[in-house]
Amino acid sequence: MRSCATATCDIQMKFSPRLFALILPLLIVIAWSLITARGWVDPLILPAPTAVLSALGKLLTTGGLTQDLLRTTLRVLAALGIALAVGVPCGLWLGYNRRFYEAIEGPLHALRSLPAVALFPLFLIVIGVGEWSIVALACYNSVLVILISTVAGASQAHPRRLQMARTLGLSTRELITDVLFWEALPSILTGIRVAVGYGLALVIAVEMFIGVSQAGLGRKIFDYQSAYRIPETYAAILLTGALGVLLNLLVGLLEKRLLHWLPSASRSDNQ
Amino acid sequence: MNSSAPAAKVQHLSFSYREGRAEQAIALYRDFSLSFKADSIVAIMGRSGSGKSTLARTLIGDLPVDSGVIAWREDFQETYHVSYVDQSFGDTLHWWHRVWQNLDWPLRKRRWARPERAARVKALLRAFGLTELADSFPRQLSGGERQRLAVARCLSWKPHCLILDEALNALDSDTKRTIIAALRSLATEDKMTVILITHALADTLALADRCVLLGKTPVEILGDFEISLPHPRDENSPEYREAQEPLIEVLRHGYL
């Protein structure tokens, strides 16, 4: 344990970082209550926290949002699943065949820089108005993110480790599954973290565009807003935010579980 | 196949490298020949830049030669029969495997049967003093323990030849003692040919059956000594002192 002399250090010792992390949200809620209580802002723009919370409670207990929450979550996870199934094997292969990757790197980065939402009308024509259009669009971005981070991880494989694998006479397939996959795993998980964020944002945005099956948090936010049910709008937004935080926490747990062997020097402690 | 034939023969080797802006070709080896007896430990000594490592890397086919032949005996010709290790051997470890899995993986890849794998892993753990750490991950080991594991790993699958290219340089004395004792006993047990590239006289005297001193450009063999001392070797015995005399004599002439 380090010894600390300064006052800030003392505070850090007394409060755990977890407790510290609660301070900012608490301040926001206090400010929010103050603003609405004093009537500084029209309640149509910003309703009181209590109104939002009671709307949220009502929506959750009556099951008004459960279906949407489930639908949005499944869409994000489906997009992530497809992205992993495509991006990881392709990324590992490209990481192994660097020369081939370098040839297609430019176009790949160009595709990634293209805002996915801009492609949505095209997806509607190609895939049609439906569940798959939403998933495909969220996928589009996630596949590229995961592919590129997998390649980056696989290319960092230590030449000595690969040399030993070759000395042992491993086939290319074994080299990829036994060595490159593990070398790339930390990078793949970083990719998953980014892809989940993108995926959720895209699913919500697309749900707002089209009224497919009328379900989804994005759709609900849009509907409540159109009907001027402002506390419900805020409640749905809060729920979406909570879903994002939850997904991020799950990725964090996954990282801890899958990367416990990683030397701390090369671990990114960003949770 | 004649089992008394040399494990490897370097015949009429020529190798040059290009240096400086003018890309001037410098002949490091010109018509150089040397053979390595099987089942013995040969130390190749020479000052840095004397071409020891170049020799090691041409032996494994890592460097293309200008002319000459590197001939491995029939039973050494598969790539997995010659294990090459340099100073960065710690980087070959699989961080995602436990200590015992690190030793087991090469055996699995070489399609060893399960009971033989278990026995071999156990023996290696014992020889390198890692038995208690079998279930740890490499990140939990100290630097010396990691080096012990890395050496154990590169000879785990019983390669016929182990080339240690300055691999023992950065070890602390305790680690080195363990590794040298383990290397010596495993080399004898597994009938392993070891080529030890080093500039440390102490390592040569602790391990080698023969010492070849390289120097000058193009490279010449400045000395070729048999070191026929029993193991483990005692630094204070008169035989040891007698054996190191001629080596020190050559070193004293400024060749190292």
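Which chain is which? The protein sequence lines are A and B, in order. Using the numbering used here, the letters of the first sequence map in sequence onto residues 10 to 280. Using the numbering used here, the letters of the second sequence map in sequence onto residues 578 to 833. The beta-carbon is built from N, C-alpha and C at its ideal position, and this holds for glycine as well. Small disclaimer: the values here were computed from a predicted structure and weren't measured.
Kindly indicate which three-state DSSP category aspartate 663(B) falls into: helix, strand or coil?
-> strand
Do we get a CB-CB distance below 8 Å when we pair proline 683(B) with the residues of chain A?
-> yes
Can you list, in chain order, the stretches of the alpha helix (DSSP H) that have 4 or more residues and sit fully within the stretch 665-692 of chain B?
-> 676-686
Which residue spans inside the stretch 201-248 of chain A form an unbroken alpha helix (DSSP H) run of at least 4?
-> 226-235
Could you tell me whether the stretch 113-124 of chain A touches the stretch 170-182 of chain A, where touching means 3 or more Cβ pairs closer than 8 Å?
-> no
Given a threshold of 16 other Cβ atoms within 10 Å of its Cβ, counted over all protein chains shown, does glycine 200(A) qualify as buried or as exposed?
-> Burial call: buried.
Supposed close pair proline 736(B), valine 659(B) - CB separation, criterion 8 Å | 6 Å
First through last residue of the beta strand (DSSP E) which encompasses isoleucine 647(B) | Isoleucine 647(B) -> beta strand (DSSP E) spans 644-649.
Touch check for the stretch 198-218 of chain A and the stretch 84-92 of chain A: three-plus C-beta pairs under 8 Å?
-> yes
Is the Cβ-Cβ distance between glycine 100(A) and isoleucine 143(A) less than 8 Å?
-> no
Measure the C-alpha to C-alpha separation of lysine 699(B) and histidine 167(A) and round it to an integer number of angstroms.
-> 27 Å
Alpha carbon to alpha carbon, what distance is there between isoleucine 39(A) and glycine 721(B)?
-> Taking the straight line from one Cα to the other gives about 56 Å.
By DSSP, does lysine 586(B) sit in helix, in strand, or in coil?
-> strand
Would you kindly report the start and end of the unbroken beta strand (DSSP E) that includes isoleucine 772(B)?
-> 770-775
State the Cα-Cα distance for the pair leucine 732(B) and leucine 739(B), rounded to the nearest angstrom.
-> In this structure, the CA atom of leucine 732(B) is about 7 Å from the CA atom of leucine 739(B).
Ends of the beta strand (DSSP E) at arginine 787(B)?
-> 787-792
Would you give the residue range spanned by the alpha helix (DSSP H) that serine 63(A) belongs to?
-> 58-70
Contacts around valine 188(A), its chain only, beta-carbon distance under 7 Å, and the 5 residues preceding and following it disregarded | Ala166, Arg170, Leu171, Ala174
Is proline 130(A) buried or exposed, if buried means 16 or more other CB atoms sit within 10 Å of its CB?
-> exposed
Considering only the beta carbon of each residue, do isoleucine 804(B) and leucine 782(B) sit closer than 8 Å?
-> yes
For alanine 145(A), which residues from the same chain have a beta carbon less than 7 Å from its beta carbon, with the 5 sequence-adjacent residues on both sides left out?
-> Phe132, Ile136
Beta-carbon proximity of glutamate 192(A) to alanine 161(A), cut-off 8 Å | no
Test item: CB-CB of isoleucine 621(B) and leucine 791(B) under 8 Å = Closer than 8 Å, so yes.
Should arginine 266(A) be flagged as near chain B, meaning a C-beta pair shorter than 8 Å?
-> no
Relative to the C-alpha of lysine 614(B), which residue among Val771(B), Gln821(B), Leu824(B), Leu806(B) is closest?
-> Val771(B)
Using the Cα positions of lysine 67(A) and alanine 30(A), report the straight-line distance between them to the nearest angstrom.
-> One C-alpha to the other measures close to 28 Å.
Simplified DSSP assignment, three categories, for aspartate 278(A) = The pLDDT assigned to aspartate 278(A) is 44, lower than 50, so where the model puts this residue is not dependable; a value taken from the coordinates is nonetheless given after this. Coil at aspartate 278(A), not helix or strand.
Using the beta-carbon of each residue, which ones in chain A are nearer than 8 Å to histidine 671(B)?
-> Result: Arg170, Val188, Trp191.
Can you find a C-beta in chain B that's less than 8 Å from the C-beta of glycine 100(A)?
-> no
By DSSP, does serine 713(B) sit in helix, in strand, or in coil?
-> coil
To the nearest angstrom, report how far apart alanine 604(B) and valine 642(B) are at their CA atoms.
-> Alanine 604(B) and valine 642(B): Cα-Cα distance of roughly 11 Å.
Under the DSSP definition of a beta bridge, which residues are partnered with tyrosine 606(B)?
-> Phe592(B)
Neighbouring residues, chain B, relative to glycine 178(A) (Cβ below 9 Å) | Glu655, Thr656, Tyr657, Lys686, Arg687
Within chain B, partners of arginine 175(A) - CB distance below 9 Å | Thr656
Please classify glutamate 816(B): is it buried, with 16 or more other beta-carbons within 10 angstroms of its beta-carbon, or exposed?
-> exposed
Any idea which residues DSSP pairs leucine 741(B) with across the strands?
-> Val662(B), Leu773(B)
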